[in-house]
Amino acid sequence: MILYGSSTTVGIALSETLHLHGLSKPNFLVGCSVLSSHQPAGIAGFGRGLSSLPSQLGLGKFSYCLLARRFDDDTKKSSSLVLDIEQLDSGKKTNALVYTPFMKNPKVEDKSSFSVYYYLGLRRITIGGHHVKMPYKYLSPGEDGNGGVIIDSATTFTFIAREAFEPLSDEFIRQITDYKRIKEFEDVTGLGPCFNVSDAKTVSFPELRLYFKGGADVALPVENYFAFVGGGVACLTMVTGPERVDGPGMILGSFQMQNFYVEYDLRNERLGFKQEKCK
Ligand SMILES: *[C@@H]1O[C@H](CO)[C@@H](O)[C@H](O)[C@H]1NC(C)=O
C-alpha cells in the first residue's frame, strides 16, 4: 500500500464496511481506479479531504516513519504507519518531537483541491549556515492561493518552484568546490546539481537546514538530499518545474523525510517530527 498525503486520485467510489484491528466502520468510502499499470494494490488518502482515511475514521493523529531508500531501490520492505483512533485529547506532545503548526489553507474558488493539503510555515532555509533568499510568495500562499509550503508523502522528491529553486541550487554550486559538476547527469536524471565524487575518500556536502514556525528547525541528514545516481556521481534529490505553475511553491516529499518519525497531530493542528532510525 502506498500512502498518499495530499494527492487526489480519480476512480469509482463504493461504500464498504471497513474492518481495522477490532474497529468496524460502516459506509466507508473506497475508490476503485478504472485503469492502472505498475501500480500498488492499494492507495490510502491521508489528506484533509472528507473522503480521506483520517476524516472517515475521525483520526486525531497519525504518524509514520519512512525507511531509508536509495535512488534506484525497489525493495519490498515497507514503512510503519500508526493510526490513533482514541477520542480523548490530552493535548500532550509526543516525547522528543518538535512541532510546527499547520497553516491555514488558502480559500480560493476554483482551487478547491488545495484544501486537502497540509500547509506548513517554513520561515527560512540555510545551506552551510548561509540564508538562501527565496521570493516570499513561494513560502507563503498569496491571494490567488498559489505558493506556500506543503508536506506530501506521495511526492517522492521535494519540488520547489523554479524561482525559489534557483537560489537554492546556486548556493549549493557556490559552496561545493571540491567536486566537479557533471551536467550530463542532470539532464538524464532530472535531478541536480550533480557532482563527481568518485575520487573523494569521504564525501561531504554543506548542511541543509529548514526553519519552521514554532521554533522547529531541522538539519536534514545528507542522504536525504544528496543521492548516488551511479558512476560516482551524487545529485541533489530535489526537483523543479517549468517557469510558472499553479499550486504550492514547495512540496516536501518522502525522500526528504526518510528516517524521520513524522506525526500529523490533527486535533492540535500541528506537525511533529524527530530524526529516528526507522525499522
Ligand atoms: C569522475 O571522475 C573520475 C576520476 O577523476 C573519472 O574517471 C570519471 O570518468 C568521472 N565521471 C564522470 C561521470 O565524469
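In terms of UniProt numbering, the sequence shown opens at residue 1 and continues consecutively.
Just so you know, even glycine gets a beta-carbon here, dropped at the ideal spot from N, CA and C.
In this structure, leucine 66 sits near glutamine 258, with a CB-CB distance shorter than 7 Å. Glutamate 184 and lysine 133 have their C-alpha atoms roughly 27 Å apart. Checking the 6 Å criterion, the Cβ of glycine 253 is out of range of every heavy atom belonging to ligand 1.
Excluding residues up to 5 positions away in sequence, Ile125, Ile127, Val132, Met134, Ile160, Met238 lie with their Cβ nearer than 8 Å to the Cβ of leucine 168 in the same chain. CA-CA distance, leucine 14 to glutamate 166, rounds to 44 Å. Only residues of its own chain outside the window of five on either side were considered, and among them Phe28, Val30 have a CB closer than 7 Å to the CB of glutamate 16, listed in chain order. Annotation for leucine 168: the continuous alpha helix (DSSP H) segment containing it runs 162 to 175. The beta carbon of glutamine 256 sits closer than 7 Å to those of Thr158, Leu220, Asn224, Tyr225, all from its chain and outside the five residues before and after it, given in chain order. Look at glycine 192: its beta carbon is at least 6 Å from all of the heavy atoms in ligand 1. Between phenylalanine 195 and tyrosine 211, the C-beta spacing is not below 7 Å.
With contact defined as three or more Cβ pairs closer than 8 Å, the region 138 to 151 and the region 102 to 113 are in contact. In its chain, beyond the 5 residues on either side, Val229, Cys235 have a beta carbon closer than 7 Å to the beta carbon of threonine 189.
In the DSSP annotation of this structure, the continuous segment of the beta strand (DSSP E) that includes lysine 61 starts and ends at 61 to 65. Residues of the same chain with a CB within less than 7 Å of the CB of glutamate 243, apart from the 5 flanking positions on each side, are Arg162 in chain order. Listed in chain order, the non-local C-beta contacts of tyrosine 138 below 6 Å within the same chain comprise Gly147, Ala161, Ala164, Gly249, local neighbours out to five positions each way being set aside. In this structure, DSSP gives aspartate 178 a state outside helix and strand, which the three-state scheme calls coil. In the DSSP assignment, threonine 126 falls within the beta strand (DSSP E) that extends over 122 to 127.
Those residues placing their Cβ nearer than 6 Å to any heavy atom of ligand 1 are, following chain order, Ile182, Asn196, Ser198, Asp199, Gly231, Gly232, Val233.
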